[in-house]
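A.B. asks: Got a structure for you, written out below as C-alpha cells; questions coming shortly.
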Amino acid sequence: MQAITTFFWEHPLTVITFSPLLGALILLFLNKRDVSLIKSLAFIVSLIDFFLSLHLYFYFQSDTYEMQFLEKIPWIPDWGISYQVGIDGISLFLVLLTTFLTPLAILSSWTAITKKIKEYMVFMLLLETGMLGVFIALDLFLFYVFWEAMLIPMYFLIGIWGGARRIYAAIKFFVYTMAGSLLMLVGILVLYYLNYQTTGEYTFDLLELMKTIPPPAIQTWLFLAFAISFAIKVPMFPFHTWLPDAHVEAPTAGSVILAGILLKMGTYGFLRFCLPLFPDATIEFIPLISILAIVGIIYGALVSMVQQDVKSLVAYSSVSHLGFVMLGIFALNTQGLEGGILQMINHGLSTGALFLIVGMLYERRHTRMIDDFGGLSRQMPIFATFFMLVTLSSIGLPGLNGFVGEFLVLVGTFQANKLYATFAATGIILAAVYMLWMYQRVMFGQITKPENQRLVDLNLREVIILVPITLFIIWIGVYPKPLFQKMERSVQHLISQVNRPRIIKVEREVFLVSGPNKMVYWTNVPRIKE
Amino acid sequence: MIPISHYLTLGAIIFIIGSIGVLTRKNAIIILMSIELMLNGVNITLVAFSYHLADLTGQIFAIFVVAVAAGEAAVGLAIIIALFRCRATVNVDEIQLLKW
Amino acid sequence: MINLSLLTPEIIVLITALIVLILDLLPWRGRKVLLATVGVLGTVGALLITMGQWDLREEAFYGMVAIDNFSVYFKALFLIICTLTILLSINYITRGGIDLGEYYSLVLLATFGYMFMASGTDLITIFLALEILSLAVYILAGFMRHSPKSNESAFKYFLLGAFSSAFLLYGIANIYGVVGNTNLKDIAQYLSQEAALKNPLFLAGMGLLLVGFGFKVAIVPFHMWTPDVYEGSPTTVTAFMAVGTKAASFAAFLRVFFYTLEPLKGQWVPVLWLLAAVTIIFGNTVAIYQKNIKRMLAYSAIAHAGYILVAMVAGNDLGSSSILYYLLVYSLMNLGAFGVVIIVEKKEEENLTISDYRGLAYKHPMLSAAMSLFLLSLAGIPPTGGFVGKFYIFSAAVSGGYVGLAIIGVLGSAIALYYYLRIIVYMYMYDPEKEFLDGPVPFFSAAALVITAIGTILLGITPARILELAHYSISYLGH
Chain G
36 MQAITTFFWE
46 HPLTVITFSP
56 LLGALILLFL
66 NKRDVSLIKS
76 LAFIVSLIDF
86 FLSLHLYFYF
96 QSDTYEMQFL
106 EKIPWIPDWG
116 ISYQVGIDGI
126 SLFLVLLTTF
136 LTPLAILSSW
146 TAITKKIKEY
156 MVFMLLLETG
166 MLGVFIALDL
176 FLFYVFWEAM
186 LIPMYFLIGI
196 WGGARRIYAA
206 IKFFVYTMAG
216 SLLMLVGILV
226 LYYLNYQTTG
236 EYTFDLLELM
246 KTIPPPAIQT
256 WLFLAFAISF
266 AIKVPMFPFH
276 TWLPDAHVEA
286 PTAGSVILAG
296 ILLKMGTYGF
306 LRFCLPLFPD
316 ATIEFIPLIS
326 ILAIVGIIYG
336 ALVSMVQQDV
346 KSLVAYSSVS
356 HLGFVMLGIF
366 ALNTQGLEGG
376 ILQMINHGLS
386 TGALFLIVGM
396 LYERRHTRMI
406 DDFGGLSRQM
416 PIFATFFMLV
426 TLSSIGLPGL
436 NGFVGEFLVL
446 VGTFQANKLY
456 ATFAATGIIL
466 AAVYMLWMYQ
476 RVMFGQITKP
486 ENQRLVDLNL
496 REVIILVPIT
506 LFIIWIGVYP
516 KPLFQKMERS
526 VQHLISQVNR
536 PRIIKVEREV
546 FLVSGPNKMV
556 YWTNVPRIKE
Chain P
8 MIPISHYLTL
18 GAIIFIIGSI
28 GVLTRKNAII
38 ILMSIELMLN
48 GVNITLVAFS
58 YHLADLTGQI
68 FAIFVVAVAA
78 GEAAVGLAII
88 IALFRCRATV
98 NVDEIQLLKW
Chain C
887 MINLSLLTPE
897 IIVLITALIV
907 LILDLLPWRG
917 RKVLLATVGV
927 LGTVGALLIT
937 MGQWDLREEA
947 FYGMVAIDNF
957 SVYFKALFLI
967 ICTLTILLSI
977 NYITRGGIDL
987 GEYYSLVLLA
997 TFGYMFMASG
1007 TDLITIFLAL
1017 EILSLAVYIL
1027 AGFMRHSPKS
1037 NESAFKYFLL
1047 GAFSSAFLLY
1057 GIANIYGVVG
1067 NTNLKDIAQY
1077 LSQEAALKNP
1087 LFLAGMGLLL
1097 VGFGFKVAIV
1107 PFHMWTPDVY
1117 EGSPTTVTAF
1127 MAVGTKAASF
1137 AAFLRVFFYT
1147 LEPLKGQWVP
1157 VLWLLAAVTI
1167 IFGNTVAIYQ
1177 KNIKRMLAYS
1187 AIAHAGYILV
1197 AMVAGNDLGS
1207 SSILYYLLVY
1217 SLMNLGAFGV
1227 VIIVEKKEEE
1237 NLTISDYRGL
1247 AYKHPMLSAA
1257 MSLFLLSLAG
1267 IPPTGGFVGK
1277 FYIFSAAVSG
1287 GYVGLAIIGV
1297 LGSAIALYYY
1307 LRIIVYMYMY
1317 DPEKEFLDGP
1327 VPFFSAAALV
1337 ITAIGTILLG
1347 ITPARILELA
1357 HYSISYLGH
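Protein chains in written order, with the numbering used here: chain G, 36 to 565; chain P, 8 to 107; chain C, 887 to 1365.
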C-alpha cells in the first residue's frame, strides 16, 4: 500500500491516465453475464480516477507557468522519443473535465445500453485513457500516439451502440479525423528534422522544440499541417460535417464525451502546439481563423435554429460554441485566451449536460423530434428545472458559467478587432433564440401526444448525474476566480511565446528542398529569458 | 571475324520476339515457348559477352540459365497440364475466373 | 574460400525439406503432424544458428554469398515466416484435402531460396535464389489441384513470373557485358569511375533489373498478377508469398539498388518516386472496391510495397533500416490477418467475401480482436507495430527531403483506413447470421496468431530494441 501511495505521489499523471486502462483489462476477464458487476466496476474505476485527479487540482502551483507533475522516461532513445508528461494551467482543467465527465457518462449508460455491456465499458475506459493521454503528453510522438489511439474506442462506441446510420457516422468520423492527423504526422516529422538542423539534436520533446522557431516560410506550411488536423477535430467551419452525423448517431454517453472532451482536443491542440511552435504563422493566420470562427458561430446558430431533432440542434450549437473558443484563442490576449479556455470547460459542462438530458428524454420516448414533445414541464418538473438551468448556461445567462466565458471572449476579441467582436456578438443573440425556442417547444404548451402524458420524472440516478454538473455550472458562474488563478501564468507565458522577439537573417543549407541547395534561410536567435 | 554487336543484336532480337510472343499469343504452350526464346536470347548475349571479355562467368551463367529454363519448363508444363485437366483449355483468353 | 560451414542454416533448411519428403513415405496415419513438427524444428534450429551468426561479417563461395548482419536479419525473418506458415498450414491443408508431404517440403525449399536472396552478393546467386523460390511457390500456388482457381492462379503466376525473370536476366546479362563480372562488389567498383555512370548499356541493364524486381515485389505497373494469384492460391500459400516473396525480393532489391547501384541514384530515384506514388494511390484505391478479402489484402500488399519504395527513395541509412523494420512488422501483421482468414475460411471457397465476416465478433471475440489488431496495424494506427513502421518510413522520407512523397504516403494511408475499417465494421457492427467454424479454433493456428499478435503489439509499444537491430543490420553495407 505504502509503495502504491509513493508511486502515485511520484507519478500522479501516469497513474491517473493508465488506471482506466487497468480497469479495462480487469473488465476483460469478467464474465460478460455479470452485468451489474461490470457496470459498477467501470463506474467505480472512473470515479476513483476522478478523485485521484483532484490531487492535481490541489497540488497545482498557480505561481509558475512551468509544466508540473513532470515525468520523463526514455522510450525510443535513438529517435529522441520519450514518455514525457506534464500539465500546466491550460491542460489541468481539461484533465479534470475528462475525469469528471467520464463517470457521469458511464452512469448515464446504466440502462440506456442493453447489449454488449462488457465491451461498451471496456471501450469507455480505454477512451478515457486515450483522452487523458492527449492532454498530458509533452512529447510529439507520444501525443500523436494517444491522439490516434483514442479514435479506436470512439469509433467502436459510435459504430456498435449508435443509432440507425451508425456505421456511416463511425467511418466518417474515423476517416475524417484520421486524414487530418496524418498530415500532422508529416508536419511533426518536418519539425523534428528542422529542429535537428538548427540544434543538432534529435528530439520530439515539445519543451525543447518550442525553443527553436522554424523559418516563417516553412512555419506557414507546418501551421497548416497541424491546424487542419486540429480544425477538423474542433470542428471549425468548413470541416464540421462529420460532427452532426457522429453526434446524432452516437449513444448518449458517446455524445457527451464527444462534445465534452473530444472537441476540446482540437482547441487544445491549437493552444499547446500551433501557437507556441509557429508564432509567426499564428499571427499570419489570425484573420483567416477568426473569420472562419465567426462564420462557424453564425452558421452553427442558424442551422441549429431549423433543426427538428433536439440532438442535432445541440450538435450544431457546438459548432457555434467552439467558434467562440477559437475566436477567443486567436484574440491572443489574456482575456481572449482565458475566456477561450474557460469556454472550453463551460461547453464541456453545459453541452455535455444537454446531451445527457436529451438522452434521458430519448430513453423515455425513443424519439428526439421536437414536434413529438411539448408540455413536458408539467409532467416532469425536476427535469424541467435542470433542463432550464443548462439551457440558460448554454445561452450565457449572467450568473452561470457560459456568461463568464463568452463575455471574456468578446472582451478579448473587442480589444483585438472590433469588427470581429460585433459579428460574434450576434451569435449570442442567435443562441438565445434557438435554445429558448427549442426549450419552449419541448417543455411548454399543451401536451399534444398521449405518450407524453405517461412520462415519469427523473429517477435518483439521473438526478445524481445532473447535480454535480449544475453545481459546477453555478460555481463557475459565480466564482470563477480559482480557475483563472490557475491558468493565468500559463496563458501569459503562451502570449509571450507568441510575441517573443526573434529572427535574424543568416545563410544556411536549406533542408526542405530535395537536395542541398543554398538559399537565404531564416533562423531564430535563442529565446530571451522571460 | 563477326563483331560482338552482331551477336548482341541477335540476342536482343530473339529476346524481343520472345516477349512479343508472350504478349500476343493465346496458346499457353506457345507462351511458354516464347519465354524459352527470351531466355535463349539472354544466353546468346551472355555467351557473346563472355567470349568478348574472355571471361568464363558468362558461359557458366548461361549453363545455369539453361538448367533453370529446364526446371521452369518442367514446372510450367505440369501446371498447364493440371489446368487442362480442370478446364479442358489452354487458351489464355478463356482462363479468366479471377479478375476484378 | 567456400566456407560451407557458414551456410549451416541454409543447409539445415534444405535437409529438413528432404527429410520431410522421405518421412511422408511412412505408412502411418498421423504422419502429417510429424512432418509439420519436423519442419518447424528444422526452421527453429536454423533460426537459432542464424542468430548466432550476428556480427560475423564473412563471405562464402568466393564472395558470392555474404554472411553479414543484413542477411542474418533477413534470414531470421524468413525463418520466422516459414515457421508461422507451417503452423497456420497444418489444419488448413487437411481441411482442403491437400495434406501431402510435398507441401511442407516446398515451403522449406522456398524459404531456402528466400535466404539466398538476402545473402547473395553476386547476380548469379540472386538469380538462382529467385528461381529456386519462384519454382517452389509456382507449385504451391497450384497446390489445390482440383480447384480451377488455384490452377489458374499458378498458371498466371508462372507465366508472369517467368516473363519477369527473363527481364531480370537480360538486365543481368547487360550489366555483365559492361562490367565484365556479376559480383556486386565489382559492379560497385566499376561504378566508382565517373565515366561509367553514363554507359547506356549499363543503364538499360539497370532498367531491366528494375522491371524484374518490380514484378517480384508487385509494384504498379508490374502488379497485374498479384490480385489474381493471391485470390486463387490456397490461403496459406497466399500468406506465405505475400510476406515471404515480397520480403525476399525487397532484400535483394535493396542490396542491389540501394548499395551497389547507389552512385546511379540520380537515375533510379525519380523513377522509384513515381512508382511509389502510383503504387500507393492505385493499390489503396482499388482495394476499396474489393469484395473478396484475399483480393483486398492483395491490393493492400501492393500498397505496402509502395510504402517500402518510399523508404527506398529516401535513399539514406534511415531509409534502408526502416525497410528492414517495416518488413518485419509487415510480415507479422499480414501473416496474422491471413491467419484469421485461413481459420475462418471453409472448404469450397466459403467465408471469403468481406460480408461473410458479419458478426464474427459475437461468435469468436478473440479471433475478431486479433483481426482488428492486425487490420489497425496494417492501417498504421498506434499503438501497433504498423504505426511505428510507417512512422519510420515517413520519417526517412522527410529526412531525405521528400516531403511530397511522404504526404502522398499518408494520404494513401487515409484511404486505406476505409477498407481496413470495413472488415471491422462487418465483424463488430452487424449481428451474426451463421456459425463460422466447424469446431474450435485449431491449436496450431491459434498459436501462430498469438505469436503474430504479441509481436505486432510489442513492435508498437517497445520498438527500441528491434529498431536498433534494424539499424545495425545495415551498418556494414558500405557505400
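For every residue, glycine included, the Cβ atom is placed at its ideal position computed from N, Cα and C.
The structure displayed is predicted, hence computed values, not measured ones.
In angstroms, rounded to a whole number, what distance separates the CA positions of P1156/C and T317/G?
C.D. replies: 35 Å
A.B. asks: Let's test the definition: count the other Cβ atoms within 10 Å of the Cβ of F86/G and tell me whether it reaches 16, buried, or not, exposed.
C.D. replies: exposed
A.B. asks: Please report whether the beta-carbon of I9/P lies at a distance below 8 Å from any beta-carbon of chain C.
C.D. replies: no
A.B. asks: Please check if any C-beta of chain C sits within less than 8 Å of the C-beta of F209/G.
C.D. replies: Cβ-Cβ to chain C under 8 Å: yes for F209/G.
A.B. asks: Where are the alpha helix (DSSP H) runs, 4 residues long or more, that stay fully inside the segment 311-384 of chain G, in chain order?
C.D. replies: 314-340, 345-364
A.B. asks: Does the beta carbon of Y92/G sit closer than 8 Å to a beta carbon anywhere in chain C?
C.D. replies: no
A.B. asks: Hey, L384/G and I504/G: beta-carbon distance below 8 Å or not?
C.D. replies: yes
A.B. asks: Could you name each continuous alpha helix (DSSP H) segment of 4 residues or more that falls completely within the segment 990-1036 of chain C, going from the start of the chain to the end?
C.D. replies: The qualifying runs are 1009-1027.
A.B. asks: Can the beta-carbon of S355/G be found less than 8 Å from the beta-carbon of I329/G?
C.D. replies: no
A.B. asks: Between E183/G and chain C, is any beta-carbon pair separated by less than 8 Å?
C.D. replies: With 8 Å as the cut-off, E183/G counts as an interface residue toward chain C.
A.B. asks: Using a beta-carbon distance below 8 Å, is L63/P in contact with chain C?
C.D. replies: Judged by the 8 Å Cβ criterion, L63/P is not in contact with chain C.
A.B. asks: If we ignore side chains and look at the alpha-carbon of each, how far apart do E542/G and L257/G end up?
C.D. replies: Because the pLDDT of E542/G is 40, which lies under 50, any placement of that residue in the model is unreliable, and the question is left without a value.
A.B. asks: Cutting at 6 Å between CB atoms, please list the residues of its own chain near F170/G, excluding the five before and the five after it.
C.D. replies: S126, L129, V130
A.B. asks: Out of I36/P, N47/P, T16/P, G18/P, which one is the CA nearest neighbour of V97/P?
C.D. replies: I36/P
A.B. asks: Under the three-state reduction of DSSP, which class applies to L15/P: helix, strand or coil?
C.D. replies: If DSSP states are grouped into helix, strand and coil, L15/P belongs with the helices.
A.B. asks: Which residues share a DSSP beta bridge with I111/G?
C.D. replies: I116/G
A.B. asks: Give the residues of chain C in contact with T16/P, contact being defined as C-beta atoms less than 9 Å apart.
C.D. replies: Within chain C, no C-beta atom comes nearer than 9 Å to that of T16/P; the closest sits roughly 13 Å away.
A.B. asks: Sort W1154/C, L1158/C, N977/C, F1013/C by Cα distance to P1326/C and report the nearest one.
C.D. replies: The residue with the shortest Cα to Cα distance from P1326/C is N977/C.
A.B. asks: So, using beta-carbon positions, are S1299/C and L1204/C closer together than 8 Å?
C.D. replies: no
A.B. asks: Looking at G165/G and P188/G, is the spacing between their C-beta atoms short of 8 Å?
C.D. replies: Yes, the Cβ-Cβ distance between P188/G and G165/G is below 8 Å.
A.B. asks: Classify L53/P as helix, strand or coil using the three-state DSSP reduction.
C.D. replies: helix
A.B. asks: Sort out for me which residues DSSP pairs N1085/C with in a bridge.
C.D. replies: Bridge partners of N1085/C according to DSSP: none are assigned.
A.B. asks: Are the C-beta of T997/C and some C-beta of chain P separated by less than 8 Å?
C.D. replies: no
A.B. asks: From which residue to which residue does the beta strand (DSSP E) around A952/C run?
C.D. replies: 951-953
A.B. asks: Return no unless some Cβ of chain P is closer than 8 Å to the Cβ of A1052/C.
C.D. replies: yes
A.B. asks: Note down, in chain order, every chain G residue with its Cβ under 7 Å from the Cβ of L1303/C.
C.D. replies: F209, V210, M213
A.B. asks: Output, in chain order, the set of chain B residues within a Cβ distance shorter than 8 Å of G78/P.
C.D. replies: Among the chains of the structure shown, chain B does not appear; the protein chains present are G, P and C.
A.B. asks: Looking at the secondary structure, which residues open and close the beta strand (DSSP E) in which A1128/C lies?
C.D. replies: A1128/C -> no beta strand (DSSP E), and no H or E assigned at all.
A.B. asks: If we ignore side chains and look at the alpha-carbon of each, how far apart do I326/G and V338/G end up?
C.D. replies: Between the alpha carbons of I326/G and V338/G lies a distance of about 18 Å.
A.B. asks: Taking 7 Å as the limit between beta carbons, can you name the residues of its chain near Y211/G, skipping five residues before and five after?
C.D. replies: I267, W277, listed in sequence order.
A.B. asks: Which of the three DSSP states is assigned to L65/G in this structure?
C.D. replies: coil
A.B. asks: On the three-state DSSP scale, how would you describe I267/G?
C.D. replies: Helix at I267/G.
A.B. asks: Quickly, what does DSSP pair I122/G with across the bridge? List them, please.
C.D. replies: Q103/G
A.B. asks: At the 8 Å Cβ level, is A45/P part of the contact set with chain C, yes or no?
C.D. replies: The sequence as given places Met at residue 45/P; Ala does not occur at that position. For M45/P, the answer is yes, since a Cβ of chain C falls inside 8 Å of its Cβ.
A.B. asks: Let me know the secondary structure DSSP gives E944/C once reduced to three states.
C.D. replies: Strand.
A.B. asks: For N487/G, tell me which candidate among V477/G, L495/G, N494/G, R496/G has the shortest Cα-Cα distance.
C.D. replies: V477/G
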